[in-house]
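Positions 11 to 646 (this note's numbering) are the ones given, in order, by the sequence shown. Down below is the structure, laid out as structure tokens.
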Amino acid sequence: MAQEKHFFQSEAAELLKMMIHSVYSNKEIFLRELISNASDALDKRRIEVLSSDEYGEYEARIRIERDKEKRTITILDNGIGMNREEIVNYIGTIAKSGTKEFLAAAKQDASEKDSFSTQEMLIGQFGVGFYSAFMVSDKVELVSRRLGATEAWKFESTGDGSYTLEEATLPECGTSVKLYLREPGEEEKDYTDEWALRDIIKKYSDFIAYPIVMNCAKWKDKTETIEDEVINSQKAIWCKTEGEVTEDEYREFYRHLSHDWQEPLTRIAINAEGSVNFRGLLFIPQQAPFDLFMTDRGGGISLYIKRVFIMNDCKDLIPEYLRFVKGVVDSEDLPLNISREILQEDQRVRVMRRSTLRKLFSSLRKMLENEREKYEKFWAAFGRAFKEGIVHDRENAQTILELSLFRSTGDDEWTTLDAYKSRMKPGQEGIYYLLGRDVSTLKDSPKLESFSDKGYEVLLLTDPVDEVIMTQTHEYGETKLFDVGSGAVQAATEEERKETSKKLEKFEADFAPLKEKIMKSLDGVLSDVRLSARMKSSPACLVSDESTMTLQMEQLMRAMGQTVPPSKRILELNPEHVVIQRLMGLSRTDDAKVEDFAAVLYDQALILDGGVIADPGRFARRLADIMNLALETDKT
Ligand code: ADP
Numbered sequence: 011m012a013q014e015k016h017f018f019q020s021e022a023a024e025l026l027k028m029m030i031h032s033v034y035s036n037k038e039i040f041l042r043e044l045i046s047n048a049s050d051a052l053d054k055r056r057i058e059v060l061s062s063d064e065y066g067e068y069e070a071r072i073r074i075e076r077d078k079e080k081r082t083i084t085i086l087d088n089g090i091g092m093n094r095e096e097i098v099n100y101i102g103t104i105a106k107s108g109t110k111e112f113l114a115a116a117k118q119d120a121s122e123k124d125s126f127s128t129q130e131m132l133i134g135q136f137g138v139g140f141y142s143a144f145m146v147s148d149k150v151e152l153v154s155r156r157l158g159a160t161e162a163w164k165f166e167s168t169g170d171g172s173y174t175l176e177e178a179t180l181p182e183c184g185t186s187v188k189l190y191l192r193e194p195g196e197e198e199k200d201y202t203d204e205w206a207l208r209d210i211i212k213k214y215s216d217f218i219a220y221p222i223v224m225n226c227a228k229w230k231d232k233t234e235t236i237e238d239e240v241i242n243s244q245k246a247i248w249c250k251t252e253g254e255v256t257e258d259e260y261r262e263f264y265r266h267l268s269h270d271w272q273e274p275l276t277r278i279a280i281n282a283e284g285s286v287n288f289r290g291l292l293f294i295p296q297q298a299p300f301d302l303f304m305t306d307r308g309g310g311i312s313l314y315i316k317r318v319f320i321m322n323d324c325k326d327l328i329p330e331y332l333r334f335v336k337g338v339v340d341s342e343d344l345p346l347n348i349s350r351e352i353l354q355e356d357q358r359v360r361v362m363r364r365s366t367l368r369k370l371f372s373s374l375r376k377m378l379e380n381e382r383e384k385y386e387k388f389w390a391a392f393g394r395a396f397k398e399g400i401v402h403d404r405e406n407a408q409t410i411l412e413l414s415l416f417r418s419t420g421d422d423e424w425t426t427l428d429a430y431k432s433r434m435k436p437g438q439e440g441i442y443y444l445l446g447r448d449v450s451t452l453k454d455s456p457k458l459e460s461f462s463d464k465g466y467e468v469l470l471l472t473d474p475v476d477e478v479i480m481t482q483t484h485e486y487g488e489t490k491l492f493d494v495g496s497g498a499v500q501a502a503t504e505e506e507r508k509e510t511s512k513k514l515e516k517f518e519a520d521f522a523p524l525k526e527k528i529m530k531s532l533d534g535v536l537s538d539v540r541l542s543a544r545m546k547s548s549p550a551c552l553v554s555d556e557s558t559m560t561l562q563m564e565q566l567m568r569a570m571g572q573t574v575p576p577s578k579r580i581l582e583l584n585p586e587h588v589v590i591q592r593l594m595g596l597s598r599t600d601d602a603k604v605e606d607f608a609a610v611l612y613d614q615a616l617i618l619d620g621g622v623i624a625d626p627g628r629f630a631r632r633l634a635d636i637m638n639l640a641l642e643t644d645k646t
């Protein structure tokens, strides 16, 4: 069959170009990437074989063949392989969204810098490990045969923007990647050299669960023979004690698992003995992946049984709100032929999940207590996802609350609920919070005034999930939680409330005509207008009653495409404020002005809540009229 010429998708070609012209000195990582791909392909073959009885026995292995004379090295695996379409889609294309934008930003970096290893970042971000082969080769030849297929396909490219495809043969399923190596530059290793390769494999791929076999020179009776030798120890890193593993080995293992170019934030080892024996090695990354909040995103825990890989993304071992945790869990006690369906039902898996969770919580607690800065980094990256557990995992909701950090009016730092409680003032009824869009808007909210006046700290909650969390969380331990944005919540004792109502009663007669006019002017928008002692220096604010949806929830629902009619809120006025006092006076006489003023009061209260006013044009006109009035008064 004839050779077909194809072009790399433009983003792919761009990335490839960056790889080829890379000034990155650590080029040896190409081998790590190709071995990692081979290992993934063997994992995938195992999964497919397990779910079908069509395929027979095979001996999984990765082979490295080197040819010093021809200056080639070939990485072969008998994994799942690729068919023609898969080669085009996986090798010729990069399907990640945002690639274009990212490339534009990274391009500058890549041409200038070596230190922060832009190449490593590209590899991690885009899953372009295969392209790293072009850092050391003039030409790459990939031949692959998909499991279940009889024909193979050969891909060939010099990385110049195009590649060729033609039919080929391969004795069994799998992939072979042959690199036509460039002459090594100064200080560069010769990648056909046995000892250089041994070093690289040991350094980056020792833990790979499949044997990595290489043709090695052996001396027998003074003559050299070439024999196959398994280079990696294949020792599951999670079965070793901490002292037996170097930091570099952990790092490489994490990189293999996560494709993350950064080091992990923390590592958590599990060694559980009891009704189910299992070991685990978990990592929390430093940064959240861009798709952390996309639906149906996979989790990060791989299941092994007796050190044999069973599956990626084992959802039964870890709840979804911990989807950012990467790692492996390996049990001695589960049968090797376990299926996803059985896993869900299995009592032992539930035990594993529970103790994995317990271990994660205790590690996080330790970090919170002893490594505050690191914990805040964790929280900034993953707090939003982690908090979902308060809603979805009621059994552990209190523990997650205990581990949660919040912004507050106290200072600019994060606080835990326990720390908040330790600062509560005598007589303070509970933990107060205010929901909104961002901390700086919330800090200016008139609703905080009477709380600040009493020295009560208020939590400022700005994540969309916070509202859902709070509607389900009424207390923390014995301490009740109160929404400061709710009309019923006040910073006052019973005694003080009585006093306040008495004080407010005095204004009622003056207030009645104003109330009537405001209700008329804002017809259908408000559920009530009332006087309140909530504010100290502001004239007005909007509060909700128990049954109304908050403004944030309304906005969230609309953002999700739902039609939500605006809820009616209560406009609270501060009778001590000079504007309100004057309005009360004016409302006996001048209707038109009161109407305008009432509308402006309402709109500005809405803005203070982070809301959007219905008619900004009218608001601006009214404001101009008011300014005009003020200036005229000044003149006289
Ligand atoms: P990544 O491995 O990070 O996804 P690569 O560019 O290295 O990115 O590979 C792209 C895809 O090509 C892989 O996800 C895999 O589907 C396929 N692939 C690469 N190497 C192999 C291989 N040896 N066997 C089977 N498929 C492979």
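No residue lacks a Cβ here, since even glycine has one placed at the ideal position from N, Cα and C.
Opening and closing residue of the beta strand (DSSP E) in which residue i lies
{"i": "Y652", "result": "The requested residue 652 does not occur in the structure, where the chain is confined to residues 11 to 646."}
{"i": "H16", "result": "14-17"}
{"i": "T82", "result": "82-87"}
{"i": "T174", "result": "172-178"}
{"i": "Y442", "result": "440-445"}
Where the alpha helix (DSSP H) containing residue i begins and where it ends
{"i": "H266", "result": "257-268"}
{"i": "R649", "result": "The chain is shown only over 11 to 646; residue 649 falls outside these bounds and no answer can be derived."}
{"i": "I236", "result": "No alpha helix (DSSP H) contains I236, which is instead part of the beta strand (DSSP E) from 233-240."}
{"i": "D77", "result": "Element bounds for D77: not the alpha helix (DSSP H) but the beta strand (DSSP E), 72-77."}
{"i": "R530", "result": "The residue you asked about is not Arg; residue 530 is Lys in the sequence shown. Start and end: 504-531."}
{"i": "K431", "result": "427-432"}
{"i": "D601", "result": "601-618"}
{"i": "G595", "result": "588-596"}
{"i": "W163", "result": "Note, W163: premise wrong, no alpha helix (DSSP H); beta strand (DSSP E) at 162-167."}
beta-carbon residue i near ligand 1 non-hydrogen atom, thresh 7 Å
{"i": "I39", "result": "no"}
{"i": "F140", "result": "yes"}
{"i": "N47", "result": "yes"}
{"i": "H10", "result": "With the chain running from 11 to 646 in the structure shown, residue 10 is simply not present."}
{"i": "D648", "result": "As shown, the chain starts at 11 and ends at 646. That puts residue 648 outside it, with no answer to give."}
{"i": "D216", "result": "no"}
{"i": "T185", "result": "yes"}
{"i": "E161", "result": "no"}
{"i": "D87", "result": "yes"}
{"i": "M92", "result": "yes"}
{"i": "E43", "result": "yes"}
{"i": "Y264", "result": "no"}
{"i": "Y612", "result": "no"}
{"i": "I101", "result": "yes"}
Beta-carbon proximity of residue i to residue j, cut-off 8 Å
{"i": "P549", "j": "V604", "result": "no"}
{"i": "F140", "j": "E239", "result": "no"}
{"i": "G446", "j": "R433", "result": "no"}
{"i": "G91", "j": "T185", "result": "yes"}
{"i": "I104", "j": "Q19", "result": "yes"}
{"i": "Y443", "j": "V535", "result": "no"}
{"i": "Y466", "j": "H402", "result": "no"}
{"i": "S537", "j": "K578", "result": "yes"}
{"i": "T366", "j": "V338", "result": "no"}
{"i": "M377", "j": "K369", "result": "no"}
{"i": "K37", "j": "E197", "result": "no"}
{"i": "L427", "j": "I441", "result": "yes"}
{"i": "E24", "j": "L175", "result": "no"}
{"i": "L292", "j": "D326", "result": "no"}
{"i": "A543", "j": "T573", "result": "no"}
Beta-carbon separation (whole angstroms), residue i vs residue j, contact threshold 8 Å
{"i": "L157", "j": "Y220", "result": "About 16 Å separates the two Cβ atoms, so there is no contact after all."}
{"i": "V494", "j": "L458", "result": "7 Å"}
{"i": "L471", "j": "L413", "result": "L471 to L413, Cβ: 16 Å. No contact."}
{"i": "T82", "j": "L152", "result": "Not a contact, Cβ separation roughly 13 Å."}
{"i": "V146", "j": "L207", "result": "Incorrect: roughly 12 Å between the Cβ atoms, too far for contact."}
{"i": "I72", "j": "I85", "result": "7 Å"}
{"i": "R333", "j": "A395", "result": "7 Å"}
{"i": "A227", "j": "E204", "result": "6 Å"}
{"i": "G497", "j": "I580", "result": "5 Å"}
{"i": "E273", "j": "R261", "result": "6 Å"}
{"i": "F319", "j": "D53", "result": "5 Å"}
{"i": "N287", "j": "D343", "result": "6 Å"}
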